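Step one of this worksheet: look at the structure below.
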Amino acid sequence: MKRTTTTNEAGRFLLSELPPGSYEMTVTLPGFETLVRKGMTLTVGQQANLALVMNVGTIDQRVVVTGDAPIVETTQSSVSGVVEERRITELPLNGRDFTQLALVEPAVVSLRNTGSGEIGRGFGTRMSVAGSRPDQTSWLLDGMNIKGSTQFGTPGSAGGGLLGVDGVREFQVLTTNYSSEFGGTSGGVVNMITKSGTNQLHGTVYEFLRNSALDAAAWEDNAFGNPKPAFKRNQFGFSLGGPIRKDQTFFFFNYEGLRQPKGFTNVAFVPDENVHKGLVPNPNGSGLEQVRIADSIAELLKLWPTPNVPGSSVAGVGLLSSSVSQRT
354 MKRTTTTNEA GRFLLSELPP GSYEMTVTLP GFETLVRKGM TLTVGQQANL
404 ALVMNVGTID QRVVVTGDAP IVETTQSSVS GVVEERRITE LPLNGRDFTQ
454 LALVEPAVVS LRNTGSGEIG RGFGTRMSVA GSRPDQTSWL LDGMNIKGST
504 QFGTPGSAGG GLLGVDGVRE FQVLTTNYSS EFGGTSGGVV NMITKSGTNQ
554 LHGTVYEFLR NSALDAAAWE DNAFGNPKPA FKRNQFGFSL GGPIRKDQTF
604 FFFNYEGLRQ PKGFTNVAFV PDENVHKGLV PNPNGSGLEQ VRIADSIAEL
654 LKLWPTPNVP GSSVAGVGLL SSSVSQRT
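Just so we're aligned, residue 354 is where the sequence shown starts under this note's numbering, counting upward by one.
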């Protein structure tokens, strides 16, 4: 990618809408040495302010500055941090949920009831930024709000995570004092950008498989003599990027899927056989007494299963153990 601009009379210039990445800048002016500055890196949401000094000389003389200090943000007072591509792709993430990396930034903490899937609150990791409520955080992907219909929660898949490790280049977490361009929120801002193709065709293919054959039985299964519930987690995907027109137009595609048939043991208290017959514990604690069951209540009792755990009936209720299958 190549961009060209000219300074004004005061020597000021502006290059807007540059994608994040590493850049090399060349400055030329007749009567002055050519200035080349290498090793400049722009991150998501950054506004760089460069002070360039040219020396008197001939234009064929070159001054090359390599490995300069990182660009310091001097135009804004916002408090923010950037999670770069290397950390996203190389750090271990449970379920490949890259939003977990936002928790490494100062003033960002997760809530204990994350992933609960409450109505209107989404399935993603709920977090508080600088003490704000989790529903006050704005989530942007390439400048677009992705909270969708879950305006009070964190975006996420049905499995509870926000997938796309291979599709997100980096993201910025703004905690306080950010500019008015980030409207509609009073909490933090998570500003994410997607990857782009390059002049080289490249891609990834992966699959992660977990099987219940390698899992230990839960305490409930052993206690009630139930077989170990079946569990298979298959997480797979691929990405592909490359050039459409060299140095000008690129493409990038990413897909990630999660298939998770999961079984778990459910234990509940239900009315025992005596209650179904109208025999309830005597309030005085002296055995059972017969009561009349209304016809409407009798129909409702037919919908209740009876306990299946031997010896668990106490005070008219017993334990019902069952295996439930859940698909994601």
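Ideal Cβ placement from N, Cα and C applies to all residues, glycine included. Given the structure is predicted, the values throughout are model-derived calculations rather than measurements.
query                                                                                                                                                          : result
Under 8 Å, with one C-beta from each stretch per pair, do the stretch 548 to 555 and the stretch 567 to 574 reach the 3-pair mark?                             : no
State the start and end residues of the unbroken beta strand (DSSP E) segment that holds T442.                                                                 : Looking at the DSSP string, T442 is not in any beta strand (DSSP E); the run it does join, the alpha helix (DSSP H), is 438 to 443.
Would you grab the beta carbon distance between E523 and V457 for me? Rounded to a whole angstrom, and I think it's under 8 Å.                                 : Going by Cβ atoms, the distance from E523 to V457 rounds to 13 Å, so no, they are not a contact pair.
Q525: buried (16+ other C-beta within 10 angstroms of its C-beta) or exposed?                                                                                  : buried
Looking only at its chain, what residues have a beta carbon closer than 6 Å to the beta carbon of R390, apart from the 5 residues adjacent to it on each side? : M378, V418
Kindly indicate the opening and closing residues of the beta strand (DSSP E) around N607.                                                                      : 602 to 612
By Cβ distance, which residues of its chain are closer than 7 Å to S665, with the 5 residues on each side in sequence left out?                                : G671, L672
Where T538 and S485 are concerned, what is the direct C-alpha to C-alpha distance, given to the nearest angstrom?                                              : 10 Å
What is the rounded straight-line gap between the Cα of R439 and the Cα of V518?                                                                               : 11 Å
Check W492 in the structure and name its three-state DSSP category.                                                                                            : strand
When you compare the CB positions of T557 and F591, do they come within less than 8 Å of one another, or not?                                                  : yes
For A651, is the classification buried or exposed, using 16 other Cβ atoms within 10 angstroms of its Cβ as the cut-off for buried?                            : exposed
Restricting to runs no shorter than 4 residues, where is the alpha helix (DSSP H) found entirely within the stretch 644 to 668?                                : 648 to 654
Taking L656 as the reference, give the member of V623, N637, P508, F385 with the closest Cα.                                                                   : V623
Specify the secondary structure class of E377 as computed by DSSP and reduced to three states.                                                                 : strand
Whose C-alpha, out of P580, S675, V521, K355, is nearest the C-alpha of F451?                                                                                  : V521
Since I believe Q588 is in contact with R449 (beta carbons under 8 Å), could you give me their beta-carbon distance rounded to a whole number of angstroms?    : 7 Å
Which one of M497, M393, G384 has the shortest CA to CA distance from V542?                                                                                    : M497
Rounded to whole angstroms, how far is the Cβ of A460 from the Cβ of T507, which I believe are closer than 8 Å?                                                : Not a contact, Cβ separation roughly 17 Å.
For the alpha helix (DSSP H) that contains F577, what are its first and last residues?                                                                         : 572 to 577
Which residue marks the beginning of the alpha helix (DSSP H) containing E626, and which one marks its end?                                                    : 626 to 629
Within 10 angstroms of its Cβ, does P660 collect 16 or more other Cβ (buried), or is it exposed?                                                               : buried
Between N607 and N447, what straight-line distance do the alpha-carbon atoms span, to the nearest angstrom?                                                    : 19 Å
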